[in-house]
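Only one structure is covered here, and it is reproduced in the block below.
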Amino acid sequence: MRNPQLNRHGELQHLLTLDGLPREVIISILDHATPFTEVAEREVKKLPLLRGKSIFNLFFENSTRTRTTFEIAAKRLTADVVTLNVSTSSTSKGESLLDTIDNLCAMNADMFVVRHSASGAPVLIAQHLQATGRDHIHVINAGDGRHAHPTQGLLDMYTIRHYKRDFSQLSIAIVGDVLHSRVARSQIAALTTLGVPDLRVIAPKTLLPSAVEKMGVRTFSDMREGLRGVDVVMMLRLQNERMAGALLPTPQEYYKVWGLTPEKLSRAKPDAIVMHPGPINRGIEIDSAVVDGDQAVILPQVTFGIAVRMAVMCMLAGQ
Ligand code: NCD
Numbered sequence: 003m004r005n006p007q008l009n010r011h012g013e014l015q016h017l018l019t020l021d022g023l024p025r026e027v028i029i030s031i032l033d034h035a036t037p038f039t040e041v042a043e044r045e046v047k048k049l050p051l052l053r054g055k056s057i058f059n060l061f062f063e064n065s066t067r068t069r070t071t072f073e074i075a076a077k078r079l080t081a082d083v084v085t086l087n088v089s090t091s092s093t094s095k096g097e098s099l100l101d102t103i104d105n106l107c108a109m110n111a112d113m114f115v116v117r118h119s120a121s122g123a124p125v126l127i128a129q130h131l132q133a134t135g136r137d138h139i140h141v142i143n144a145g146d147g148r149h150a151h152p153t154q155g156l157l158d159m160y161t162i163r164h165y166k167r168d169f170s171q172l173s174i175a176i177v178g179d180v181l182h183s184r185v186a187r188s189q190i191a192a193l194t195t196l197g198v199p200d201l202r203v204i205a206p207k208t209l210l211p212s213a214v215e216k217m218g219v220r221t222f223s224d225m226r227e228g229l230r231g232v233d234v235v236m237m238l239r240l241q242n243e244r245m246a247g248a249l250l251p252t253p254q255e256y257y258k259v260w261g262l263t264p265e266k267l268s269r270a271k272p273d274a275i276v277m278h279p280g281p282i283n284r285g286i287e288i289d290s291a292v293v294d295g296d297q298a299v300i301l302p303q304v305t306f307g308i309a310v311r312m313a314v315m316c317m318l319a320g321q
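Written out as structure tokens, the structure is:
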């Protein structure tokens, strides 16, 4: 079977994962996002690029930033966007995912933005659309299980490029619950494709995937050692909802060893930036003084996320 992300002409049909996505495609999305950041500064924050398109936001799992920024992105492009509240939709009455999709296709959907707790749900939808000849409909993965969160990975790449310019010169550390993190998987895929020469993962051994070194990273369990001289610190939330059994000591002990405090951050370069996909847990993986400090770019990440999602939607729709 061909790569379900690409159409028969080799163009991006869906955005499901950053794994295997060519460097040129990633760079092109980042380049397309740049002019969209300026739309936010206008009095009328609208471009007619997706006028008349119907976009369905399907969030089967909680979200604040991702759901709202996708919705704002679609509205700024003048699409008709419908955000389904899945807890009050028919899936809670037993309708299957693909039956829900078929019904929304019968309403002439052009694009689905899907978040699901099951890894592979967006891929399943893309394969179903392909198998039923509905090649004009696009799927964007807005986070599936532990698998991937490609638009988060892309907005993170946009943020890094904005502050640090050249990926080929950077030391970057990803810190925290890598085992349960779809964000970390998408970040690692993009950072290795973009040629970051020094990519580190800092985590307790119980929160590292078993073959993580095969992803092209160096692992550290000592945070002070792992942060030494890095340009970018990418923090992760502890995904307690995905943890089966006790993988960790108490939150207080976790904070003591792996929480990012100003003292631990002082091991990184003085101009290092601190990123976090949100939601943040102050006092667990990150200290309030770091969140509110000069090096944090956590809120700019959210703002860039709108422009990056606009770029992805336009590219998929061929605009
Ligand atoms: C992340 C997610 O849901 O995967 N958040 C986000 O999309 N901004 C990370 C998390 O939940 O910790």
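Residue numbers (my numbering): 3 to 321.
C-beta: ideal position from N, C-alpha, C; glycine also.
- Across the set Leu79, Tyr257, Met236, the C-alpha of Leu79 shows the shortest separation from the C-alpha of Leu51.
- For Thr161, the shortest separation between its Cβ and any heavy atom of the ligand NCD does not lie below 6 Å.
- Secondary structure within the segment 184-261: the alpha helix (DSSP H) runs of 4 or more consecutive residues, fully enclosed, are 184-195, 225-229, 253-260 (chain order).
- By the CB criterion at 7 Å, Met109 and Val177 fall outside the cutoff.
- Distance from the CA of Val84 to the CA of Gly135, rounded to the nearest whole angstrom, comes to 23 Å.
- Taking the Cα positions, His164 is about 15 Å away from Leu193.
- Taking the C-beta atoms as reference points, Pro279 is found nearer than 7 Å to Gln154.
- Under the criterion of beta carbons closer than 8 Å, Leu196 and Met159 qualify as touching, at roughly 7 Å.
- In the DSSP secondary-structure assignment, Arg53 is not bridged to any residue.
- Taking 7 Å as the cut-off, the Cβ atoms of Leu156 and Ile74 do not count as close.
- With a cut-off of 6 Å, the C-beta of Val185 is classified as near the ligand NCD, since at least one heavy atom of the ligand falls inside that distance.
- Linking Thr263 to Ala291 through their CA atoms gives a straight-line distance of about 7 Å.
- Residue pairing of Leu17 in beta bridges, as defined by DSSP: Ile142.
- Here the segment 8-25 makes contact with the segment 117-136; the two share three or more CB pairs at distances below 8 Å.
- Comparing alpha carbon positions, the residue from Glu63, Asn87, His138 closest to Ala120 is Glu63.
- Contact between Pro281 and Arg311 is absent: CB atoms are separated by about 18 Å, not below the 8 Å threshold.
- Its Cα nearest to that of Pro211, the residue His182 stands out among Arg230, His182, Ser223, Asp200.
- Taking all protein chains shown into account, Gly228 has 16 or more neighbouring C-beta atoms within 10 Å of its C-beta and is therefore buried.
- Between the segment 139-151 and the segment 257-277 there are fewer than three inter-stretch CB-CB distances shorter than 8 Å, so the stretches are not counted as touching.
- Here the distance from the Cβ of His151 to the nearest heavy atom of the ligand NCD is below 6 Å.
- Taken through DSSP and simplified to helix, strand or coil, His164 comes out as helix.
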